[in-house]
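Q:
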Amino acid sequence: MKKSCLNVLKVCLLVFLLTAVTARSQNEITIEHQITMGMTPPTPVSLEGFSGEALSVLQFDLYVQGYSFVTPDAAQYIISGSNAGNVQGRVTDRFSKSSLLARSYTGASLRREAHAFADDIVLAIRHGKGIALTKIAFKDEAPNGDGEIYVADFDGRNPTNVTRDNAIVAAPAWVPGRLALYYTSYKLGNPDIFYHDLTTGQRRAIARYSGLNSSAAVSPDGTRVAMILSKGGSPNVYVCNADGSGLKKLTTTSEDSSPCWSPDGQWICFATKINARRLLAKVSAGGGEAQPVRTIGVSNPTEPDWSPDGKWIAFTSQMGEFDVCVVPAGGGSATILVRGEDPSWSPNSRTLIYARRTVSYQYVLSLLDAPTKQFKDVARVSGSDSQPAWAR
Amino acid sequence: MKITKLIFPLVLALAATLATTGCRSHKPGPITKLPGQNAPQIGESTAPTLPPGNPYDQGTGVKTGGGETANIDETGYIRGTELVAYTIHFAYDRSDIRSTEKPNLARVAQALSSDPTTKLVVEGNCDERGTEEYNRSLGERRALAAREALAKLGVDPMRIITRSFGKDKPAAPGHDESAWSQNRRDDFVLLHPKAGS
Numbered sequence: 001m002k003k004s005c006l007n008v009l010k011v012c013l014l015v016f017l018l019t020a021v022t023a024r025s026q027n028e029i030t031i032e033h034q035i036t037m038g039m040t041p042p043t044p045v046s047l048e049g050f051s052g053e054a055l056s057v058l059q060f061d062l063y064v065q066g067y068s069f070v071t072p073d074a075a076q077y078i079i080s081g082s083n084a085g086n087v088q089g090r091v092t093d094r095f096s097k098s099s100l101l102a103r104s105y106t107g108a109s110l111r112r113e114a115h116a117f118a119d120d121i122v123l124a125i126r127h128g129k130g131i132a133l134t135k136i137a138f139k140d141e142a143p144n145g146d147g148e149i150y151v152a153d154f155d156g157r158n159p160t161n162v163t164r165d166n167a168i169v170a171a172p173a174w175v176p177g178r179l180a181l182y183y184t185s186y187k188l189g190n191p192d193i194f195y196h197d198l199t200t201g202q203r204r205a206i207a208r209y210s211g212l213n214s215s216a217a218v219s220p221d222g223t224r225v226a227m228i229l230s231k232g233g234s235p236n237v238y239v240c241n242a243d244g245s246g247l248k249k250l251t252t253t254s255e256d257s258s259p260c261w262s263p264d265g266q267w268i269c270f271a272t273k274i275n276a277r278r279l280l281a282k283v284s285a286g287g288g289e290a291q292p293v294r295t296i297g298v299s300n301p302t303e304p305d306w307s308p309d310g311k312w313i314a315f316t317s318q319m320g321e322f323d324v325c326v327v328p329a330g331g332g333s334a335t336i337l338v339r340g341e342d343p344s345w346s347p348n349s350r351t352l353i354y355a356r357r358t359v360s361y362q363y364v365l366s367l368l369d370a371p372t373k374q375f376k377d378v379a380r381v382s383g384s385d386s387q388p389a390w391a392r
Numbered sequence: 001m002k003i004t005k006l007i008f009p010l011v012l013a014l015a016a017t018l019a020t021t022g023c024r025s026h027k028p029g030p031i032t033k034l035p036g037q038n039a040p041q042i043g044e045s046t047a048p049t050l051p052p053g054n055p056y057d058q059g060t061g062v063k064t065g066g067g068e069t070a071n072i073d074e075t076g077y078i079r080g081t082e083l084v085a086y087t088i089h090f091a092y093d094r095s096d097i098r099s100t101e102k103p104n105l106a107r108v109a110q111a112l113s114s115d116p117t118t119k120l121v122v123e124g125n126c127d128e129r130g131t132e133e134y135n136r137s138l139g140e141r142r143a144l145a146a147r148e149a150l151a152k153l154g155v156d157p158m159r160i161i162t163r164s165f166g167k168d169k170p171a172a173p174g175h176d177e178s179a180w181s182q183n184r185r186d187d188f189v190l191l192h193p194k195a196g197s
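Chains A and B, in that order, are what the protein sequence lines are.
Once you know that position 299 of the first sequence is 299 in this note's numbering, the rest is easy, because the numbers rise by one and skip nothing.
Once you know that position 37 of the second sequence is 37 in this note's numbering, the rest is easy, because the numbers rise by one and skip nothing.
Here is the structure:
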C-alpha cells in the first residue's frame, strides 16, 4: 500500500516537473526570439473574411507587431472572421489545428473593435500584450516653427489638441499610468517645462529658470522629473520632484541632452560628450559619476529611450544620416534598425515609434517592429509631426 | 491509505485538465459569440482617453512651481531693438566663437554699455541637421558662449539672458549649406525697461 502511494506521488511529481519544464522552455524560446533585434523573421498569418476599415486596421496593427500576410496554406496561424455589423474573429494554429481564439466584439466603433481583436490575436499567439489600444503624444509643427502638443491613438488616428498656444513646443513626456504630460512650451517667451493634467486641463510651470528648460522625462513611479536646464552655465541633467520642488543638479559633463529613466528608477541615461566624444552615458538618479554606455559600431548617439522591460536602450545615431538603433541596456554592440530619429518604446518593449524625415524636410511618425524591422507611417495631423512619446 | 485518497482526486483533476487541453488542440471549436457581459469591455480600456472637448486654461493661471526662481529677472522689460546687423555665425556642430565673429560681439558690448538701462537676449539657433533636443542644447551652448564672451568684454552677465530655439527658427528656408550656414547663429535683441517702471 505504501509503495503504490509513493508511486502515485512520483507520477504527480513527474507531471508537475514536466509541466514546469515545458513552460520554462517555451518562455526561453520566446525570449530567444525577442533578443535577435532586427533579425527575427515575421510570423506568417493569413487574414480572411474581413473588409474595409476592419481589414485595414487588422493589417496595420499586425504588420507593425511583426506579422506578415500569406495564403492560408503558408500561414502558421489562420485568422478568419467577419466585420458584418460587428467584428468577430478566430485564430487557429495551422500545425496543431488548435483554436487559439474565437470571439466577437460589440459596443464600440468598428475601428476600436478591430483594434481589440488585434490585441487578442497578439495575446493568443505570443501570450503577451499588444499595442492596438495604446496612446501616443507628439508635437505637430507648422511651417513658421510654432506647434502644438497632440495626443492620438498609437496609429495616429483620433488626434486631439493638448495645447492651443501658437507657440514653439517640444518634448512631450507622459506620466506613467496617468492622463498627464510634461512638455516644453515657449508660450511665456522662454522654453519652460509645464505639467499638464489632461483630465482637468490644469497646467503649471515646473521649471522656469534662466536659459534652457527642456526634455522632461518622468520617473517610472511618477514622483520625479529629469530634465535639461542651463541655469548653471551649461546644459546639464537635473532632477526634481513631480511639482518642480527639490531641484538637484545631476551631471557636470558638457553638452548634455535628452535624459530618460531606467524602468527600475535607478538610472538616468542621456546623451553627452566626454573626452571630446559624443556618447550615451548613465548617472545614478541619486547623483554620482556619469558612466559611458557603449554603442559599438555607431557614432554620435542622441535621444536614448530605455525599454520598459529594462533590456534595451533605443537611440538615434548620426553618421551622415540619422538611424534608429538599439543597444543592450548595459552597453555593447549597437544594431541599426531603420532610418529615423527620436525612438520611443511601446509599453510591451517590442515596437518603437520614431520620427522620419520626408523628402520635403518635414517629419512624419512611423512605427517599427524592432525584431523584424517592419515599419509603417502613422496618420499625420497637418504639419511636421515629431518627438513621439508612447503612453506606458 | 489516507494519502492515496487525498492524492487520487488531484491526479484525476490533472488528467482531466490534460485531456481537455489535448482535446481542444485537435478539434477546432465553433466561433464563440460572447455578447453582453462576456464581450470585451472596449469602452473601459485602460488606454487613456481624453475627455470630450479641450479642457484647457489658455495659459492663464500659469505659475512657477516650487524650487528656485529664475536668477535673471525679465519682468519690467519689453523686447526692443533687434541688433540684426550684429548676428554671429558658427561652424557646423560647434559652439565656440570664431575670431571672425568677435567684431560683432564688440559692437553688441558697445550697444549695451551705451545704454545701461537695457538688458540683452541672446537667441541661439541651429541648422536643421541635428536631432531636435540635441539642437536645443546646442543652440543654448551657442547663446551661452556669446554670454561668456560678452562678460569678458566687461558686460555684467546678469544683464544677459540666453534663449535657444534649436532648429525651430531658421533665418534662411533652404536645405543646403548656404542656408545652413546662415541658420547656425546667435541673434541679439535688446530689452528696454517698460515705460513707467
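Glycine is no exception: its CB is placed at the ideal position from the N, C-alpha and C atoms.
Note that the structure is a prediction, hence the values are computed from the model and not measured.
What residue range is occupied by the uninterrupted alpha helix (DSSP H) comprising H175(B)?
A: Taking the first residue of the second sequence as position 1, residue 175(B) is located at position 175. H175(B) -> no alpha helix (DSSP H), and no H or E assigned at all.
Q: Which first and last residues belong to the beta strand (DSSP E) in which N213(A) is found?
A: Here residue 213(A) corresponds to residue number 213 of the first sequence, with the count starting at 1. Segment N213 to V218, the beta strand (DSSP E) holding N213(A).
Q: Would S178(B) count as contacting chain A if we go by Cβ distances under 8 Å?
A: Translated into positions along the second sequence, residue 178(B) becomes position 178. Chain A, which has no Cβ nearer than 8 Å to the Cβ of S178(B), makes this no.
Q: R111(A) and E53(A) - do their beta-carbons sit closer together than 8 Å?
A: Mapped onto the first sequence, residue 53(A) falls at position 53. Mapped onto the first sequence, residue 111(A) falls at position 111. In this structure, E53(A) sits near R111(A), with a CB-CB distance shorter than 8 Å.
Q: Would you tell me roughly how many angstroms separate the C-alpha atoms of D186(B) and D256(A), rounded to the nearest one?
A: Against the second sequence, residue 186(B) aligns to sequence position 186. Against the first sequence, residue 256(A) aligns to sequence position 256. Their backbone Cα atoms lie some 20 Å apart in a straight line.
Q: Let me know if F95(A) comes out buried or exposed under the rule of 16 or more other beta-carbons within 10 Å of its beta-carbon.
A: Locating residue 95(A) in the first sequence gives position 95, where the first residue counts as 1. The residue in question, F95(A), is exposed, as its Cβ has fewer than 16 Cβ neighbours within 10 Å.
Q: Answer yes or no: does any C-beta atom of chain B fall closer than 8 Å to that of L367(A)?
A: Numbered from 1 along the first sequence, position 367 holds the residue referred to as residue 367(A). No, L367(A) does not count as interfacial toward chain B.
Q: Does the count of Cβ pairs from the region 99-115 of chain B and the region 197-207 of chain A closer than 8 Å reach three?
A: Verdict: no, contact absent.
Q: Among P220(A), D221(A), A216(A) and G222(A), which residue has its Cα nearest to the Cα of I228(A)?
A: As a first step, residue 228(A) is located in the first sequence; it is residue number 228 there, counting from the start. Ranking P220(A), D221(A), A216(A) and G222(A) by Cα distance to I228(A) puts A216(A) first.
Q: Comparing alpha-carbon positions, which option in G233(A), V151(A) and S245(A) lies nearest T199(A)?
A: Sequence index remark: in the first sequence, residue 199(A) carries index 199 (1-based). Among G233(A), V151(A) and S245(A), the Cα nearest to that of T199(A) is on V151(A).
Q: Could you tell me which chain A residues have their CB closer than 7 Å to the CB of S164(B), listed as they occur along the chain?
A: Within the second sequence, residue 164(B) is the residue found at index 164, counting from 1. By Cβ distance, chain A contributes P191 and L212.
Q: Tell me, please, which residues DSSP counts as bridged to S254(A).
A: Within the first sequence, the letter at position 254 stands for residue 254(A). For S254(A), which the question treats as bridged, DSSP gives the partners K273(A).
Q: Between which two residues does the alpha helix (DSSP H) containing R142(B) stretch?
A: By 1-based counting over the second sequence, the position of residue 142(B) is 142. Unbroken alpha helix (DSSP H) run through R142(B): E132 to K152.
Q: Would the beta-carbon of Q65(A) fall within 8 Å of that of I131(A)?
A: Within the first sequence, residue 65(A) is the residue found at index 65, counting from 1. Within the first sequence, residue 131(A) is the residue found at index 131, counting from 1. Yes, the pair counts as a contact, with Cβ atoms nearer than the cut-off.
Q: With the cut-off set at 8 Å, would you say L250(A) and V283(A) are in Cβ contact?
A: As a working note, residue 250(A) is residue 250 in the first sequence. As a working note, residue 283(A) is residue 283 in the first sequence. Cβ atoms of L250(A) and V283(A): closer than 8 Å.
Q: Could you please give the first and the last residue of the uninterrupted beta strand (DSSP E) stretch that includes K135(A)?
A: Counting from 1 along the first sequence, the entry for residue 135(A) is found at position 135. K135 to E141 is the extent of the beta strand (DSSP E) around K135(A).
Q: To the nearest angstrom, how far is the alpha carbon of N83(A) from that of I336(A)?
A: As a first step, residue 83(A) must be located in the first sequence, where it is residue number 83. As a first step, residue 336(A) must be located in the first sequence, where it is residue number 336. Cα to Cα, the separation comes out at about 39 Å.
Q: My understanding is that L62(A) touches A118(A), with C-beta atoms under 8 Å, so please give their C-beta distance in whole angstroms.
A: Sequence index remark: in the first sequence, residue 62(A) carries index 62 (1-based). Sequence index remark: in the first sequence, residue 118(A) carries index 118 (1-based). 6 Å between Cβ atoms; contact.
Q: With a threshold of 7 Å (Cβ to nearest heavy atom), would V324(A) be considered close to the ligand MN?
A: The ligand content of the structure shown is nil, which means the ligand MN is not present either.
Q: Following the continuous beta strand (DSSP E) through L367(A), name the residue where it begins and the one where it ends.
A: Mapped onto the first sequence, residue 367(A) falls at position 367. Note, L367(A): beta strand (DSSP E), Y363 to D369.
Q: Assuming L105(B) and L150(B) form a contact by the criterion Cβ under 8 Å, report the distance between their Cβ atoms to the nearest whole angstrom.
A: In the second sequence, residue 105(B) corresponds to position 105, counting from 1. In the second sequence, residue 150(B) corresponds to position 150, counting from 1. Confirmed, about 6 Å.
Q: Are D377(A) and S344(A) closer than 8 Å when you measure CB to CB?
A: Against the first sequence, residue 377(A) aligns to sequence position 377. Against the first sequence, residue 344(A) aligns to sequence position 344. With a cutoff of 8 Å on beta-carbon distance, D377(A) and S344(A) are scored as not near each other.
Q: I'd like to know if the region 153-161 of chain A and the region 172-183 of chain A are in contact, where contact means that at least 3 CB-CB pairs between them fall below 8 Å.
A: Pairwise C-beta distances place the region 153-161 of chain A out of contact with the region 172-183 of chain A, as fewer than three of them are shorter than 8 Å.
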